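Per the numbering used here, the very first residue in the sequence shown carries number 6; after that it's consecutive.
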Amino acid sequence: MSNGSLWNRLDQWTRLSRLSFPVPAHAKNLGYCLGGITLTGFVLLFLTGLILTQFFNPQPDLANRSVHYIAEQVAGGRFLRSFHYWTAEAVVLAMCAHLLRVFISGAYKAPRVLTWYFGTALFFTATMLSYFSGTVIKLDQEGSEAMVHYQAVLEVLGPIGSLMGSGLTDSVSMNVRMYTFHITLAPLLLIALIVGHFYLIHVFNISPLPRGPHSRLPQVPAAELTGTFTEHLWAITRFSLIFYGLVAMVAAIVQPPLGGEPSLEQTGVKPPWIYLWQYGIENFVGIIPGILYSSLVLLLLFLIVPMLDRGPSRDPKDRKGVLALGAVTFVVLLGLTLYAWLSPPQVHKGHEHGHGHPHGNTQEHSMDEMPGMGETKETPSGGPTHDADAPTGSSEEEHPAHEHEAPTR
Ligand code: HEM
Numbered sequence: 006m007s008n009g010s011l012w013n014r015l016d017q018w019t020r021l022s023r024l025s026f027p028v029p030a031h032a033k034n035l036g037y038c039l040g041g042i043t044l045t046g047f048v049l050l051f052l053t054g055l056i057l058t059q060f061f062n063p064q065p066d067l068a069n070r071s072v073h074y075i076a077e078q079v080a081g082g083r084f085l086r087s088f089h090y091w092t093a094e095a096v097v098l099a100m101c102a103h104l105l106r107v108f109i110s111g112a113y114k115a116p117r118v119l120t121w122y123f124g125t126a127l128f129f130t131a132t133m134l135s136y137f138s139g140t141v142i143k144l145d146q147e148g149s150e151a152m153v154h155y156q157a158v159l160e161v162l163g164p165i166g167s168l169m170g171s172g173l174t175d176s177v178s179m180n181v182r183m184y185t186f187h188i189t190l191a192p193l194l195l196i197a198l199i200v201g202h203f204y205l206i207h208v209f210n211i212s213p214l215p216r217g218p219h220s221r222l223p224q225v226p227a228a229e230l231t232g233t234f235t236e237h238l239w240a241i242t243r244f245s246l247i248f249y250g251l252v253a254m255v256a257a258i259v260q261p262p263l264g265g266e267p268s269l270e271q272t273g274v275k276p277p278w279i280y281l282w283q284y285g286i287e288n289f290v291g292i293i294p295g296i297l298y299s300s301l302v303l304l305l306l307f308l309i310v311p312m313l314d315r316g317p318s319r320d321p322k323d324r325k326g327v328l329a330l331g332a333v334t335f336v337v338l339l340g341l342t343l344y345a346w347l348s349p350p351q352v353h354k355g356h357e358h359g360h361g362h363p364h365g366n367t368q369e370h371s372m373d374e375m376p377g378m379g380e381t382k383e384t385p386s387g388g389p390t391h392d393a394d395a396p397t398g399s400s401e402e403e404h405p406a407h408e409h410e411a412p413t414r
């Protein structure tokens, strides 16, 4: 069977040829493939995360040990964890580059305002929810103190905060809940937002170039759509192979940071680079303004961009005001990041009622009192075991505990 007839047969069953609908020729340029490169990264995170879930134990007293177990003893686990980590960094970078391209080329203008707002929701979901929850659950000192900050923010969110925090139940520890959020609700939210984002991109097609004959038009005229969506997809595939190929090389060489078991003392350990600007603000005004108010200001800036810049022109020389606002925001974020990076670690003050506990409760508790935490013992083979399934307060007599097989060595 010739290639042609094989393709015809496949097309009869799948209608894949319908993907060759017209798009602007510049959709093949790197700047217009950054969204697709970001999406490819999400798929890689999903696949690697799926394997990691087979080995990771989120119970507060085992979480950190099980990440060490993955990195040190599971076959291929060292690379797998490293690739998951570095791909997350790469996705944040690709998404920021995509956002910058959209901003500089004025692609948020009508009729793509809602596409921008879906993008805004994606940005905050990816950085403040997915990435954040991923950095906490390993429960080293950094993850543990991030949990304390998270609980301090929940305390000022009233009933919603209490539902999201340890006020809801004593039966499941906060780290287990953070983990289930990381692997279920956060990806579902991302998928729903990506579906909305892509639907709108399909409806309005890729925006015209910011300079040239179409820069003031809402869309490239149909007669001048000289590229195809399949060409756009091939370009994304080529760029992604190069980009994530490099990420794989970095992952093979550079191991992601991972501390040991956390101490109950706060040390002011610094967060991952994407939150350093907020850590810088916390140095001056504490946890709530540093995390909550600063995020709201950033969100507000995203929301007002299409309102401030409403004219039809996408040409940067006609949009000096909004581009200056973007540049000032960027410089402030960069300045705060550098300041936080260079300044010595500092323990930050939270809400007046205390900071919450790293692993679950808002009062001071010892590790053994944490919800869902039982005694941890060494097995003859050296791995930790844990009677983990009993809620707090249950006794051996009431609930015969299962010997929970944790990572064996
Ligand atoms: C999870 C993160 C994101 C993914 C997977 C994603 C994906 C995409 C893709 C595939 C495109 C079409 C091709 C391209 O322009 O690259 C696109 C376009 C667009 N995105 Fe995103 N995006 C994400 C985040 C964002 C963010 C953070 C914003 C801004 C706040 C944004 C705003 C837009 C806009 C306005 C367009 C239309 C661009 C045009 O027509 O030229 N996106 N996105």
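C-beta atoms are modelled at their ideal positions from N, C-alpha and C, and glycine is treated no differently. Bear in mind the structure is a predicted one, so any value in this text is a computation, not a measurement.
Under the DSSP definition of a beta bridge, residue 233 partners with 27.
Comparing C-alpha distances from residue 63 to each of 142, 45 and 114 shows the shortest one belongs to 142. Of the candidates 125, 86 and 36, the residue whose Cα lies closest to the Cα of residue 54 is 86.
Runs of the alpha helix (DSSP H) lying entirely within the region 14-90 and spanning at least 4 residues, in chain order: 39-57 and 68-77.
The shortest CA-to-CA distance from residue 326 to any of 202, 343, 198 and 310 is the one to 310. By the C-beta criterion, the region 267-278 is judged not to be in contact with the region 326-336, since fewer than 3 inter-stretch pairs fall below 8 Å. Cβ-Cβ distances below 8 Å link residue 188 to 54 and 58 in the same chain, with the five nearest sequence neighbours on each side left out; the list follows chain order. Remark: the C-beta of residue 244 is outside contact range of the ligand HEM, defined as less than 8 Å to any heavy atom.
The ligand HEM approaches residue 41 closely enough that one of its heavy atoms is under 8 Å from the residue's Cβ. The beta carbons of residue 209 and residue 42 sit about 20 Å from each other, so the pair does not count as a contact at 8 Å.
The nearest non-hydrogen atom of the ligand HEM is 8 Å or more from the C-beta of residue 193.
Residues of the same chain with a CB within less than 8 Å of the CB of residue 279, apart from the 5 flanking positions on each side, are 97, 132 and 136 in chain order. Setting aside the 5 residues that flank it on each side, residue 104 is surrounded in the same chain by 124 and 128, each with a C-beta closer than 8 Å to its C-beta; the list follows chain order. Closest in C-alpha terms to residue 254, from the list 353, 171, 25 and 88, comes 88. For residue 100, the Cβ falls inside the 8 Å cut-off from some heavy atom of the ligand HEM.
Your pair residue 198 and residue 106 does not check out as a contact, with CB atoms roughly 19 Å apart and the cut at 8 Å. When only Cα atoms are considered, residue 266 and residue 149 end up about 9 Å apart.
Burial state of residue 179 is buried, judged by a 10 Å Cβ sphere holding 16 or more other Cβ atoms. Placement of the Cβ of residue 124 at a distance of less than 8 Å from at least one heavy atom of the ligand HEM is found. For the region 102-177, there is no continuous beta strand (DSSP E) assignment of 3+ residues that stays within its boundaries. Membership of residue 283 in the alpha helix (DSSP H) is indicated by the continuous run 281-290. Residue environment for residue 196: exposed (fewer than 16 other C-beta atoms within 10 angstroms of its C-beta). Taking the Cα positions, residue 108 is about 29 Å away from residue 190.
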